[in-house]
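Visitor:
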Amino acid sequence: MSKLTSVSALDELRKDILSRRDPKKTKLSVCSGTGCRAYDSEKVIDSLKSGIKQHGLDDKVDLVTTGCHGFCELGPVMVIYPDGIGYFKIKPDDVDDIITETLSQGKVVDRLLYVDPEGNVITKEHDIPFYKYQNRAVFGSNQSIDPKNIEDYLAIDGYQALATCLSSLSPEEVLETVKKANLRGRGGGGFPAGQKWEATRNAPGDVKYVIVNADEGDPGAYMDRSILEGNPHSVLEGLLIGAYAIGCQKGFIYIRQEYPLAVEHLDRAIEQMRELGLLGENILGTGFNFEISVHRGAGAFVSGESSALMSSIEGKVGEPRPKYIRTSISGVHGRPSDLNNVETWANVPLIINKGVDWFTSIGTEGSKGTKIFSLVGKVNNTGLVEVPMGMKLHDIIFKIGGGLRDGKKFKAVQTGGPSGGVIPEDMLDLPVDFDALNKVGSMMGSGGMIVMDEDTCMVDVAKYFLEFLADESCGKCVPCREGITQMLHILKMICAGEGQPGDLELLEEIAAMTKACSLCALGQSAPNPVLSSLKYFHAEYEAHVNDKCCPAHVCKELITYHIDPAKCKGCGKCLRNCAVGAISGTKKEPHVIDLDKCTKCDTCFMVCPPKFSAVTKLSGNETLPVSES
Amino acid sequence: MSYSLAKVDRIIDHYGADAEALIQILLDIQHEFRWLSRETLLHTADRLGLPMNQLYNVTTFYKHFSLVPQGRHAVSVCVGTACHVRGATRLLDRVAQGFKLSPDETSADEKFSLKTVSCLGCCALGPVMVVDGKYMSNPTSNEIAEIVEECE
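Chains A and B, in that order, are what the protein sequence lines are.
Going by the working numbering, the first sequence opens with residue 298, and the numbers climb by one from there.
Going by the working numbering, the second sequence opens with residue 42, and the numbers climb by one from there.
#1: Any idea if residue 402 of chain A is buried or exposed, counting beta-carbon neighbours within 10 angstroms, 16 or more meaning buried?
#2: Which same chain residues, not among the five before or five after residue 427 of chain A, have their C-beta less than 6 Å away from its C-beta?
#3: Going by the beta-carbon positions, is the gap between residue 793 of chain A and residue 886 of chain A smaller than 8 Å?
#4: Answer yes or no: do residue 644 of chain A and residue 666 of chain A have a C-beta to C-beta separation smaller than 8 Å?
#5: When burial is assigned at 16 or more other CB atoms within 10 Å of the CB, is residue 404 of chain A buried or exposed?
#6: Short of 8 Å in beta carbon distance, which residues of its chain neighbour residue 480 of chain A, apart from the five on each side in sequence? Order them along the chain.
#7: Is the shortest distance between the beta-carbon of residue 189 of chain B and the beta-carbons of chain A less than 8 Å?
#8: Assuming residue 100 of chain B is part of the alpha helix (DSSP H), what are its boundary residues?
#9: Sort A:577, A:910, A:599 by Cα distance to residue 551 of chain A and report the nearest one.
#10: Taking the beta carbon of residue 200 of chain B as the centre, do at least 16 other beta carbons fall within 10 Å, making it buried, or is it exposed?
#11: Pull the bridge partners of residue 593 of chain A from the DSSP assignment, please.
#12: In chain B, what lies closer than 9 Å to residue 724 of chain A by C-beta?
#13: Is the shortest distance between the beta-carbon of residue 874 of chain A and the beta-carbons of chain B less than 8 Å?
#14: Please classify residue 605 of chain A as buried or exposed, where buried requires at least 16 other C-beta atoms within 10 Å of its C-beta.
#15: Identify the contact partners of residue 550 of chain A in chain B, using a Cβ-Cβ distance below 8 Å as the criterion.
#16: Do residue 900 of chain A and residue 879 of chain A have their beta-carbon atoms positioned less than 8 Å apart in this structure?
#17: Select from the stretch 577-592 of chain A all residues with a C-beta closer than 8 Å to any C-beta belonging to chain B, and list them in chain order.
#18: Which residue from A:416, A:818, A:305 puts its Cα closest to that of residue 618 of chain A?
#19: Kindly list, in the order they appear in chain B, the residues whose Cβ is closer than 8 Å to that of residue 675 of chain A.
#20: Mind checking residue 228 of chain B: buried by the 16 CB within 10 Å criterion, or exposed?
#21: Could you run through the stretch 143-162 of chain B and flag, in chain order, every residue whose CB is less than 8 Å away from some CB of chain A?
#22: By DSSP, does residue 926 of chain A sit in helix, in strand, or in coil?
#23: At the 8 Å Cβ level, is residue 370 of chain A part of the contact set with chain B, yes or no?
#24: Whole alpha helix (DSSP H) runs in the stretch 783-819 of chain A with 4 or more residues, listed along the chain?
#25: Tell me whether residue 425 of chain A is buried or exposed, calling it buried when 16 or more other Cβ atoms sit within 10 Å of its Cβ.
#26: List the residues of chain A that residue 105 of chain B touches, going by C-beta distances under 7 Å, in chain order.
#27: Who are the Cβ neighbours of residue 556 of chain A in its own chain at under 6 Å, not counting the five residues just before and after it?
#28: Run through the DSSP bridge pairs and tell me what residue 146 of chain B is partnered with.
#29: Residue 910 of chain A CB to nearest chain B CB: under 8 Å?
#30: Do residue 870 of chain A and residue 905 of chain A have their beta-carbon atoms positioned less than 8 Å apart in this structure?
#31: Within the same chain, show all residues whose beta-carbon is closer than 6 Å to that of residue 120 of chain B, passing over the 5 residues directly before and after it, in chain order.
#32: Can you tell me whether residue 738 of chain A is buried or exposed, with buried defined as 16 or more other CB within 10 angstroms of its CB?
#33: Is any beta-carbon of chain B found at less than 8 Å from that of residue 904 of chain A?
#34: Could you list the residues in the stretch 171-186 of chain B with a C-beta less than 8 Å from some C-beta on chain A, going in chain order?
#35: If I measure Cβ to Cβ from residue 54 of chain B and keep anything under 6 Å in the same chain, skipping five residues before and after, which residues do I get?
#36: Using a Cβ-Cβ distance cut-off of 8 Å, determine whether residue 559 of chain A contacts chain B.
Next up, the structure:
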């Protein structure tokens, strides 16, 4: 590819690419994101490749290996265009049928279609409830492009927004557009991106930087990775537009090294941009110069904080500093630096292409556009979902997510990761909106949405997040370091059945101190999981402290395993699977667990056939149900 | 100069011996050797003109760096939130028992290293264990024992 020296050359290239493509041609879009790879999608793709060749379908079928489609629950996932047929849970053995039936004869392979909980078979991917209620403005392109091929991105109007900005908008106009759109930061805080851009633009100094924060640290969210894996150019285009508006010639991408596929796709995308002259000097002949370097993070949650991240870019330890002077004034090397999250950057080209009115028509008064969530936990349809801001939590969990697994009862949903809080059932009418979530003690965060059922212990969840944060607190400031450690200590005692009267009040007191006095957002938001669960699930804490009972049967020290003699048929499955020989019994007779030997590993509970469900967990004063015989 | 230090030099040269690229250089060295030996650290410090304490500062701050050798087989258990609510703690117990290792520990024969990781993005499989890139959904104690046997 030769370098593009003008905006019209870009248009020409796009026309050329489109002229070589036939929209009516059959296109197989197969997900090769990290989630589907875990289900062996690579093998499926290999067999598809060789099968298509064998059957001489090379000219009739395009195979596109894409990034994440979102419906990770049912991976590997494939969509066949132009009809939009959705196939799920594809095994390498299914490939033959896909080729001989669907590709050769146009017949649908029924067993690979989606079946809803009522048993209805759905042929078209976009008719499936999981997709139907979404608005996939940012994430939708993932399934139409091969992230390793810049031509695919150009074919869907890629870099059109950049060309528009460079050729017909002044930096001030671009800035105004983003401000008017009221694009708020998707990384957690929801700070208006336009305001940040403006502050950096107005800061004194000639050298300024723009940065992509791809240090996705929330241990239950993976949308940033999926955007970078599936559509890296959308983020890079946004970054270039931001750089133009702010007046920067250099950008950084800070990405976790735990995301090797995203790093690979990003590196490749940057290389292709350079070949086309979309990076370097005099981009598209407009006089705009820009360079990018990729910085891999080495594993530290706190390094996702802006000042810590910038210090890490300089090759130092990623600890936050007090921000009396904002990073938009003094960031990397003391230069004004604008930092935005992956999803925020990916929204920018859309705002330029489709306009402010389009963007502001989606969402609520204070939160515009869409937001991607990772809908995970005890919900039927796990995966990445993109919804308009303002959608009710209930609709996301029950309409898109298909409700709870195994007919269990909903208990709570956790949003915002370690900085967020739990939201109980009676608040499910709440819209997803930056301000509405803050009001109830949670937050949007980067978009983790973990659904919990009756078998989830809220005290344990609070303890889980504090364990994570205790590990990740950098220890620089005392309130965070000691506050989290002491709260965790109390929670550990409570979960072990050694809770004392007054513990809950003490938790609240330490939480308030940690919130008020910590240096950075990690500590300031660390008490949220504790405070919100204390507020909405106080009785559960009391049961742990006063009755030494874990009502959800999670806290190991508070439960014991038993076999209900009325239900046990003596099949021996638990006996064979017990790693410590704690189960005894003769065949076809009820078995017994020796509590002195039992390590509570949960294996017997897992392997007991559901038709018997004889293994029971008891806590506190609970006893086995009295047998009928 | 030893063979391994020549490799280290190549990595450092790739980044133009830029002290600011310290973390990137250490990541590549770690990737190459699976750990950071004192010898390589001293050499890197020397080449970049940095005090050794800055290297220790960085290598002990970031989780990915290891100052002890890592096992030939990487065993990880996802302890992300979604896996946690689906029973990752119990899975970790079983894995630790099966491999006779605590989290972040490497066996004496350098065969296995056990690590916990946060969210691998295959939450539908949760709780998940990964051995040498192969994903397994909530294996039982017996299944774990089989995996231990299979690894050479």
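Just so you know, even glycine gets a beta-carbon here, dropped at the ideal spot from N, CA and C.
Guide: Let's see:
#1: The residue labelled residue 402 of chain A in the question sits at position 105 within the first sequence. Under this definition residue 402 of chain A is an exposed residue.
#2: Along the first sequence, read from residue 1 onward, the residue named residue 427 of chain A stands at position 130. Non-local beta-carbon contacts of residue 427 of chain A in its own chain, meaning distances under 6 Å to residues more than five positions away in sequence, involve 368, 678, 697 in chain order.
#3: Here the question's residue 793 of chain A lines up with position 496 in the first sequence. Here the question's residue 886 of chain A lines up with position 589 in the first sequence. Cβ distance not < 8 Å, so residue 793 of chain A and residue 886 of chain A don't count as in contact.
#4: The residue labelled residue 644 of chain A in the question sits at position 347 within the first sequence. The residue labelled residue 666 of chain A in the question sits at position 369 within the first sequence. With contacts defined as CB atoms closer than 8 Å, residue 644 of chain A and residue 666 of chain A qualify as a contacting pair.
#5: Counting from 1 along the first sequence, the entry for residue 404 of chain A is found at position 107. Taking all protein chains shown into account, residue 404 of chain A has fewer than 16 neighbouring C-beta atoms within 10 Å of its C-beta and is therefore exposed.
#6: Start at 1 with the first residue of the first sequence, and residue 480 of chain A comes out as number 183. Excluding residues within five positions, the ones whose Cβ falls inside 8 Å are 489, 490, 491, 641, 644, 645, 648, 656, 665, 666.
#7: For the purposes of this step, residue 189 of chain B is taken as residue 148 along the second sequence, with counting starting at 1. False, the Cβ-Cβ gap to chain A never drops below 8 Å.
#8: The sequence position of residue 100 of chain B within the second sequence is 59, counting from 1. Its alpha helix (DSSP H) spans residues 93-102.
#9: The count along the first sequence starts at 1 and reaches residue 551 of chain A at position 254. Answer by Cα proximity: A:599.
#10: No information on residue 200 of chain B is available, as it lies outside the stretch 42 to 193 that chain B covers here.
#11: Here residue 593 of chain A is taken as the residue at index 296 of the first sequence, counted from 1. Under DSSP, residue 593 of chain A forms a beta bridge with A:552.
#12: On the first sequence, residue 724 of chain A is found 427 positions in, with the first residue counted as 1. Simply none; closest approach about 19 Å.
#13: As a first step, residue 874 of chain A is located in the first sequence; it is residue number 577 there, counting from the start. Output row for residue 874 of chain A: interface = yes.
#14: Position 308 of the first sequence, counted from the first residue, corresponds to residue 605 of chain A. Around the beta-carbon of residue 605 of chain A, 16 or more other beta-carbon atoms lie within 10 Å, marking it buried.
#15: For this step, residue 550 of chain A is matched to residue 253 along the first sequence. From the beta-carbon of residue 550 of chain A, no residue of chain B is found nearer than 8 Å; the closest lies around 12 Å away.
#16: Within the first sequence, numbered from 1, the residue matching residue 879 of chain A stands at position 582. Within the first sequence, numbered from 1, the residue matching residue 900 of chain A stands at position 603. Taking 8 Å as the Cβ cut-off, residue 879 of chain A and residue 900 of chain A do not qualify as a contacting pair.
#17: So the list reads 592, given in the order they occur along the chain.
#18: One-based indexing of the first sequence puts residue 618 of chain A at position 321. Closest in alpha carbon position to residue 618 of chain A, among A:416, A:818, A:305, is A:818.
#19: By one-based count along the first sequence, residue 675 of chain A stands at place 378. Ordered by position in chain B, the residues that pass the 8 Å Cβ test against residue 675 of chain A are 126, 127.
#20: Residue 228 of chain B falls outside the range modelled here, since chain B spans only 42 to 193, and no answer is possible.
#21: Against chain A - using a Cβ distance shorter than 8 Å - the residues of the stretch 143-162 of chain B are 158, 159, 160, 161, 162.
#22: For the purposes of this step, residue 926 of chain A is taken as the residue at position 629 of the first sequence. Summary for residue 926 of chain A: the model assigns pLDDT 46, below 50, so the residue's position carries little reliability; its value from the coordinates is reported in the next sentence. When DSSP states are grouped into helix, strand and coil, residue 926 of chain A belongs to the coil group.
#23: Within the first sequence, the letter at position 73 stands for residue 370 of chain A. Residue 370 of chain A counts as touching chain B.
#24: Segments of the alpha helix (DSSP H) lying fully in the stretch 783-819 of chain A: 800-814.
#25: Counting from 1 along the first sequence, the entry for residue 425 of chain A is found at position 128. With 16 or more Cβ atoms within 10 Å of its Cβ, residue 425 of chain A is classed as buried.
#26: By 1-based counting over the second sequence, the position of residue 105 of chain B is 64. Near residue 105 of chain B (Cβ distances below 7 Å), the residues of chain A are 554, 595, 596.
#27: As a position in the first sequence, residue 556 of chain A is number 259, starting the count at 1. If we look at residue 556 of chain A and ignore the five residues flanking it on each side, its Cβ neighbours are 522.
#28: Within the second sequence, residue 146 of chain B is the residue found at index 105, counting from 1. DSSP lists B:155 as partners of residue 146 of chain B.
#29: The sequence position of residue 910 of chain A within the first sequence is 613, counting from 1. The C-beta of residue 910 of chain A comes no closer than 8 Å to any C-beta of chain B.
#30: Along the first sequence, one-based indexing puts residue 905 of chain A at 608. Along the first sequence, one-based indexing puts residue 870 of chain A at 573. Cβ distance < 8 Å, so residue 905 of chain A and residue 870 of chain A count as in contact.
#31: Position 79 of the second sequence, counting from 1, holds the residue named residue 120 of chain B. For residue 120 of chain B, where only same-chain residues beyond five positions count, the Cβ hits under 6 Å are 129, 157.
#32: By one-based count along the first sequence, residue 738 of chain A stands at place 441. Buried is the call here.
#33: Here residue 904 of chain A refers to the residue found at position 607 of the first sequence. Interface residue, yes.
#34: Residues 176, 179, 181, 182, 183, 186.
#35: One-based indexing of the second sequence puts residue 54 of chain B at position 13. Sequence-distant partners of residue 54 of chain B (beyond 5 residues in either direction) whose C-beta falls short of 6 Å from its own C-beta are missing from its chain.
#36: For the purposes of this step, residue 559 of chain A is taken as the residue at position 262 of the first sequence. Interface annotation, residue 559 of chain A: not in contact with chain B, CB-CB separation never under 8 Å.
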